[in-house]
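Take full-length UniProt numbering: the final residue in the sequence shown is number 690, and no numbers are missing along the way. Cβ coordinates follow ideal geometry from the N, Cα and C atoms, glycine included. Please read these numbers as outputs of a predicted model, since none were measured by experiment. Report on the structure given below.
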Amino acid sequence: MALNLPDEIWRDIITPLLHIPDEQFSFGDKGDGPFAHTRLSTSEILVVCKRWMRIGTPLLYHTVVIRSRAQAQALADALISNPPFGRYIQKLRMEGGFGQAPLKFISAAPNIRELFVSLDIWSDDVVSGLCGGFFKIFPQRLIIHHHLRVDNSRRNALWKDLLISIRRWSTLETVEYRTPTPVYPEKFCELCEALAASASSVKTLVLQSCPFRYFGHLASIKSLRTLRSPNQTVEVAFRIFARMHQPDLLHLLPDHGRQQNPPKPREPISEGPQPIVTAGSTPDYRPMHSAPLHQRKAIWSFIFSFATYPAHPNVELLTREDMPRLVTCTDPSDKKRTALRKTACHLSLVSRSFNEIVRPHMFRVANFQKPNQWKKFCSLLQENRDLAHLVRILYLPRELDQWDEYDSHFNFLLGSLTGLIQFLGAPKIHLRHTKTLAKTAGMALRDIQVSLSALQNKPEKSVDLGILPSLESVQWDMKWNRTYSAPQSYLDPQPKVTAILPKLHTLDTGAAPSGDTIAIFAGIRIPSLTSVSLSGQTAESVDFLYLNGRTITEIISWYRPPYHWLSLCPYLRTVTIGLPNPMQLHELFQDPDGHTGHLHFCKLNLNARDWSIEQAMNNLLLAFRLVNFSLFPSFREVRIDQFEWPNTERDIRKSPSCREFALLMKNAGITIYDSSGVTWRERARVRRVR
């Protein structure tokens with residue numbers, strides 16, 4: 001049946017796939033443009049069948065974006081071989097000069113109505129072809145992009161020929177001068193002079209920025225009717241300038257002469273029958289009065305949970321994304337959280353039944369931003385011990401240990417919260433506190449995210465946490481709160497923790513500048529552990545993997561994975577390295593004893609902070625050339641954080657190792673992703689003419 005559809009329907013189906021929105025075509029802000037990371041290949045659409053190619057070709061050539069010399073040459077060759085294609089081009093975006101090819105395809109495209117020209121031209125870019133093409137077309141809309149502070153003869157030649165063309169373009173109606181900052185104010189003056197002497201009647205001018213004292217040059221453009229700007233401050237500044245110096249320019253603003261917020265007309269009162277009053281507005285009405293008591297409580301409880309909980313009511317544990325909502329009231333989301341708590345307090349005063357229903361939700365999350373809140377909450381629990389078991393999630397701020405009576409209140413709180421399931425503890429606590437917490441809430445506790453203090457008056461040599469049958473995730477890092485001149489006698493030797501953790505699947509011990517916090521857990525056998533985060537290549541890390549390596553599928557390391565990870569973790573799938581040493585990358589895929597190869601390892605995450613693009617690629621290229629990928633049959637993905645592929649022709653030419661590394665990994669069947677999730681895309685090259 002699809003084969004019988006008319007071309008008009010197929011055109012409507014294909015158009016969204018090939019259409020380029022105007023906000024992308026005219027993009028001129030700072031940073032990478034919308035075409036720097038294009039993932040959709042239009043060739044895949046046209047090669048579906050001959051019918052799709054026939055219908056999609058005019059749509060493909062309607063808007064042309066040129067970002068490299070190879071693309072310009074390919075378009076010129078295509079139009080020379082198929083002259084009718086040139087008539088399809090109506091919008092052209094040129095992000096450089098790109099040699100002599102623009103003259104060829106612009107000459108073959110007489111219907112260009114919108115032209116985008118970038119003045120960010122480097123000294124090695126050839127603009128003669130583009131300058132010659134200006135005299136072949138008569139656009140209606142011109143977009144000038146000028147951002148980089150570059151000044152060379154090629155850029156000046158392009159600007160000079162563009163001003164000459166503006167004077168002779170009789171069809172020009174709209175000019176957009178998109179420069180994020182007034183890089184060269186004199187260029188704006190020259191543009192106004194060209195528009196004033198233009199043979200056309202330019203009616204609309206769009207300015208992204210303009211110095212205040214240069215607004216007066218707009219008076220020379222007699223045909224100008226409208227001044228617009230995507231930046232509201234430009235319109236405000238122009239309004240002030242016009243009122244102070246040239247009131248006759250106020251007519252250029254699109255809202256001049258119109259009331260800003262006209263009042264809405266009053267709706268006439270209907271003379272028909274009055275609307276029926278609903279039951280909800282009746283004073284004697286009680287919602288769900290006829291429903292059973294247990295159903296009413298369940299429904300009201302679900303309603304009240306939305307007014308008291310920062311996440312969905314069905315979500316029992318908060319994530320790290322939810323934690324900033326509980327830190328301070330300066331953020332808008334935290335103000336919303338405060339408003340919700342006030343709403344819950346008001347709901348609890350409606351009636352006794354409402355108070356009983358909303359009380360568990362009000363105490364479900366206990367978080368404190370100020371010392372007086374902390375003291376009032378602890379005093380309330382001391383007066384009414386029955387409220388302590390209602391607390392499910394406890395969040396404590398970093399500065400809690402600096403508040404008055406911190407230790408006594410904290411010990412009381414940890415010894416009272418028997419129903420606690422999640423402890424989001426930012427302050428530096430001691431091991432004795434964790435022992436108290438395990439004794440009180442050990443049966444219900446599911447998630448711990450705390451920071452241990454490395455300095456203690458009486459450090460414990462060992463702590464027995466007992467059985468924690470529900471604990472699933474532990475983030476337990478060490479805060480080394482000492483100065484560099486202090487002696488290194490803190491927690492030496494480090495204490496040992498003993499516990500039975502049947503359901504623990506995630507263990508994060510953070511990154512310590514000295515030693516390895518994983519040593520605290522080195523003697524614990526964790527049968528369900530799948531993800532572990534540790535500092536790096538220490539003996540304690542190796543000892544921990546000897547006990548638990550066979551169940552681990554993910555390792556997050558600060559410097560590099562522990563030694564012997566290839567043999568100790570046979571089911572490992574993902575490795576993340578926070579600060580990889582470029583001189584040790586070649587040791588990543590080989591144990592010290594020479595063992596190499598892994599059947600299940602499939603993904604490697606690296607962080608390229610403080611690396612330049614060329615340095616990062618050279619380091620990776622040297623390391624991976626020594627790897628025998630046949631010994632890693634499941635290895636398919638490498639993700640590099642804090643790194644983005646070069647996406648302009650100039651940057652790609654300056655980083656040849658990017659292409660070499662991408663091709664090396666592609667031949668091995670491995671895909672490389674940058675921090676934005678974009679893979680390396682092979683660019684077209686200009687063929688040499690023999």
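| Item | Value |
| --- | --- |
| Are the segment 43 to 54 and the segment 77 to 94 touching by the rule of at least three beta carbon pairs closer than 8 Å? | no |
| List, from N- to C-terminal side, the beta strand (DSSP E) runs of 3 residues or more that fit wholly inside the segment 544 to 612. | 554 to 557, 574 to 577 and 603 to 607 |
| With DSSP collapsed to three states, give me the class of residue 304. | helix |
| Using three-state DSSP, classify residue 419 as helix, strand or coil. | coil |
| Please state whether DSSP places residue 673 in a helix, a strand or coil. | strand |
| Using three-state DSSP, classify residue 286 as helix, strand or coil. | coil |
| Does the distance from the C-beta atom of residue 419 to that of residue 390 stay below 8 Å? | yes |
| Provide the residue(s) that pair with residue 367 in DSSP beta bridges, ordered along the chain. | 395 |
| If distances are taken between C-alpha atoms only, which option among 308, 229, 314 and 190 comes closest to residue 345? | 308 |
| Note down the Cα distance separating residue 173 from residue 202, rounded to an integer number of angstroms. | 4 Å |
| By Cβ distance below 8 Å, which residues in the same chain neighbour residue 534 in space, the five residues on each side in sequence not counted? | 509, 516, 517, 518, 541, 544, 555, 556, 557, 558 and 562 |
| Using C-beta distances below 6 Å, list every residue in its chain close to residue 206, excluding the 5 sequence neighbours before and after it, in chain order. | 176 and 228 |
| Roughly how many angstroms lie between the CA atoms of residue 600 and residue 572, to the nearest whole one? | 6 Å |
| Could you say which of 585, 104, 63 and 393 lies nearest to residue 91 if we only look at CA atoms? | 63 |
| In angstroms with no decimal places, state the Cα-to-Cα distance between residue 5 and residue 84. | 26 Å |
| Buried or exposed for residue 246, please, with buried defined as at least 16 other CB atoms from any protein chain shown within 10 angstroms of its CB. | exposed |
| Taking only the alpha-carbon atoms, compute the straight-line gap between residue 524 and residue 476 and give it to the nearest angstrom. | 15 Å |
| Give, in chain order, every unbroken run of the beta strand (DSSP E) that is at least 3 residues long and sits entirely within the segment 180 to 234. | 204 to 207 and 226 to 228 |
| Are residue 635 and residue 643 closer than 8 Å when you measure CB to CB? | no |
| Leaving aside the five residues before and after residue 258 along the sequence, list all residues of the same chain whose C-beta is less than 7 Å from its C-beta, in chain order. | For residue 258, the predicted structure reports a pLDDT of 47, less than 50, and the residue's modelled location is therefore unreliable. The matter cannot be settled from this model. |
| Using only alpha-carbon positions, find the residue among 617, 648, 23 and 249 that is nearest to residue 663. | 617 |
| Where do the ends of the beta strand (DSSP E) carrying residue 92 lie? | 91 to 94 |
| Give the secondary structure of residue 161 by DSSP, where H, G and I count as helix, E and B as strand, and everything else as coil. | helix |
| Return the first residue and the last residue of the beta strand (DSSP E) that residue 496 is part of. | 496 to 500 |
| With a threshold of 16 other CB atoms inside 10 Å of the CB of residue 289, please say whether the residue is buried or exposed. | exposed |
| Take residue 576 as the anchor and find which of 400, 603 and 538 has the nearest alpha-carbon. | 603 |
| Looking at the unbroken alpha helix (DSSP H) that takes in residue 25, where does it start and where does it end? | 22 to 25 |
| Residues in its own chain within less than 6 Å of residue 217 by CB, not counting five upstream and five downstream? | 189 and 192 |
| Is residue 409 helix, strand or coil by DSSP? | helix |
| Take residue 178 as the anchor and find which of 646, 504 and 29 has the nearest alpha-carbon. | 29 |
| So residue 518 is in the alpha helix (DSSP H); what residue range does that whole segment cover? | Run containing residue 518: none; DSSP gives neither H nor E here. |
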